[in-house]
Ligand code: FES
Ligand code: MG
């Protein structure tokens with residue numbers, strides 16, 4: 361049981377302010393209309409928010425509508441009072457022009473709710489990609505006790521005896537469609553078969569990655585991230601999460617005590633080991649910046665790049681979420697890293713114990729899925745950070761580079777790891793779709809496909825469009841991949857060997873803005889350089905010309921987003937927002 365004798369919660373500044381009985385009456389009375397009593401609200405027990413991210417518009421998180429019942433049971437049993445409220449929906453696959461616009465919008469909304477209402481601690485219900493970072497960012501700004509409850513991945517998808525994973529099946533099947541191996545009907549059936557139950561993407565896409573990151577950061581109960589949504593353990597951990605947040609309220613265990621530079625470096629290490637999404641880069645940087653922690657470009661190389669990929673899960677490997685959970689999930693991955701001394705085990709977590717104490721002795725139960733550190737799927741499998749005259753910062757997810765790609769582009773014995781390719785430049789996704797099969801572009805194995813206008817300002821929001829596939833004619837000849845490069849992102853479920861998140865983006869005058877189709881780009885994956893072989897004089901001449909056009913803002917938020925949001929390398933946060941931290945220390949005026 362928790363010690364509830366001494367602590368005065370901020371909610372009592374609403375419900376028990378002796379100096380303002382007029383306001384207290386006003387704050388209290390409307391909660392009566394669904395059966396709450398004044399005694400409950402004035403009892404001094406903590407009021408626990410459940411930030412409800414599930415809705416019909418957020419199918420990946422919809423399981424939380426049910427899970428919240430078990431969270432409430434836990435909160436009540438531990439002595440808290442529950443208030444559930446909605447957060448702005450985010451659905452990665454369906455939101456146009458991109459769900460990336462919603463991360464910062466949901467962040468803003470949640471900050472205002474947690475600051476302006478009588479909430480003492482909060483359960484964050486996460487799932488679909490950006491639902492995790494947006495809520496974690498907001499709790500750092502407000503800094504009240506917070507715990508992450510993942511909704512969990514869907515069950516494994518099967519199609520005619522093969523595992524078909526969310527998103528990954530789309531990218532693989534569209535190549536088969538282009539090659540003439542399947543028709544449209546088969547394409548749709550494979551996609552539907554990849555989504556057999558409630559839950560978020562069952563691959564190691566951005567959703568599973570960000571929930572694993574939350575667990576690695578110490579923000580959720582051990583083992584929470586990987587439990588598939590329909591499993592009985594999911595409801596059980598929802599109950600335990602509800603119990604634990606009440607204790608955290610009494611202990612005043614806030615995000616600022618958990619989120620440190622060391623915990624973020626742990627998250628970077630775990631992302632490499634699991635083959636996590638390239639979207640982890642902007643999201644980790646964004647969460648760190650809102651927590652007041654600096655993560656530099658060098659950190660990705662020093663703490664992430666050299667580590668091996670040990671989890672065999674799509675898109676970098678073969679399996680899906682159910683096998684990963686049964687193999688031991690995130691605790692077993694962290695155990696493996698702790699054994700090697702590459703994780704900081706002392707970081708504090710929501711349990712009140714260190715991450716090493718949480719993990720305990722949890723060797724993997726299925727060595728086919730979670731490999732021993734010494735026998736990984738790939739060595740040096742982290743994000744390679746690149747820079748050069750086209751951008752200051754870009755990343756390549758090396759764990760998905762296929763052997764076919766390596767042998768074609770990276771096996772020159774005279775210049776190991778170096779290749780040159782002729783740029784074919786596209787102005788956003790529509791331009792790519794209209795022109796990719798245009799024979800006059802003469803796209804062959806020596807080309808690199810470049811996407812610009814896809815960053816935070818250009819799209820706006822930044823879009824998952826850099827994983828462009830080769831023209832159908834090339835795929836029919838057996839070329840599955842061309843190198844790609846762009847100022848947008850790619851889906852975490854993609855297996856494309858892309859250079860992504862390039863900052864600064866074309867729309868703000870980054871180097872991609874002056875690149876032309878036909879320019880030769882030289883990439884060195886050993887030194888991390890990427891340069892267009894264009895003379896300084898020619899670059900200066902081109903820079904004098906207008907920037908490539910971008911579409912106008914179509915909504916008020918798009919305009920505001922463009923005005924306030926920075927570049928992908930810096931997490932694409934609302935730059936004016938990072939200075940606000942620890943809001944809950946000051947109660948808002950009546
Ligand atoms: Fe929502 Fe993948 S689309 S989790
Ligand atoms: Mg995505």
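Residue numbers (our numbering): 361 to 950.
Yeah, the Cβ is synthetic: ideal placement off N, Cα and C, and Gly gets one too.
Asked	Found
beta-carbon residue 452 near the ligand FES non-hydrogen atom, thresh 6 Å	yes
Residue 520, buried or exposed, once every other Cβ within 10 Å from all chains shown has been counted against 16	exposed
Expected contact under 8 Å - CB spacing of residue 715 and residue 578 to nearest Å	5 Å
Residue 490, buried or exposed, once every other Cβ within 10 Å from all chains shown has been counted against 16	buried
Sheet register partners of residue 481 (DSSP bridge)	408
Residue 463 and residue 441 closer than 7 Å at C-beta	no
Length of the line joining the Cα atoms of residue 945 and residue 550	51 Å
Nearest-angstrom Cβ-Cβ length linking residue 422 and residue 558, presumed shorter than 8 Å	6 Å
Close-in-space but distant-in-sequence residues of the same chain around residue 744 (CB under 7 Å, 5 per side omitted)	665, 755, 756, 758, 885 and 888
Beta-bridge pairing of residue 745 - partner residues as DSSP gives them	755
Paired residues, beta bridge with residue 779 - DSSP	883
Residue of 467, 511, 794 and 479 minimising C-alpha distance to residue 488	511
Distance, residue 767 Cα to residue 738 Cα	15 Å
Buried/exposed call for residue 613, threshold 16 Cβ in 10 Å	buried
Residues that residue 714 bridges to, as DSSP identifies them	708
Per-residue DSSP class, three states only, for residue 514	coil
Assigned secondary structure, residue 569 (DSSP; H/G/I helix, E/B strand, else coil)	helix
8 Å contact criterion, which residue 868 and residue 879 should meet: CB distance rounded	Between residue 879 and residue 868 the Cβ distance is about 20 Å, and since that is not below 8 Å, they are no contact.
Cβ-based neighbour list, residue 517, same chain, cut-off 8 Å, excluding 5 preceding and 5 following	523, 524, 525, 526, 529, 553, 554, 555, 556, 562 and 680
DSSP three-state assignment for residue 461, whether helix, strand or coil	helix
Same chain, Cβ closer than 6 Å to residue 918, five either side skipped, listed in chain order	820
Delimiting residues of the alpha helix (DSSP H) encompassing residue 383	381-389
Coil, strand or helix - residue 616 by DSSP	helix
Opening and closing residue of the alpha helix (DSSP H) in which residue 846 lies	Element bounds for residue 846: not the alpha helix (DSSP H) but the beta strand (DSSP E), 844-846.
Range of the contiguous alpha helix (DSSP H) that encloses residue 694	689-699
Per-residue burial, residue 386 [other beta carbons within 10 Å of its own, 16 or more giving buried]	exposed
Coarse secondary structure for residue 891, derived from DSSP in three states	strand
Inter-residue CB distance, residue 877 and residue 785 (contact presumed, cutoff 8 Å)	5 Å
4 or more residues per run - each alpha helix (DSSP H) lying fully within the region 482-568	491-502, 528-538 and 544-553
Whole-angstrom distance between residue 849 and residue 457, CA atom to CA atom	13 Å
Status (buried if at least 16 other CB within 10 Å, exposed otherwise) for residue 454	exposed
Residue 560 CB to nearest heavy atom of the ligand FES below 6 Å	yes
Touching by the beta-carbon criterion (3+ pairs, under 8 Å), the region 703-715 and the region 613-627	yes
Inter-residue spacing [alpha-carbon to alpha-carbon] between residue 800 and residue 831	12 Å
For residue 791 and residue 531, believed in contact at Cβ under 8 Å, the rounded distance	With 8 Å as the limit, residue 531 and residue 791 do not qualify as a contact, their Cβ atoms being about 20 Å apart.
Proximity test, residue 567 beta-carbon vs the ligand FES heavy atom, cut-off 6 Å	yes
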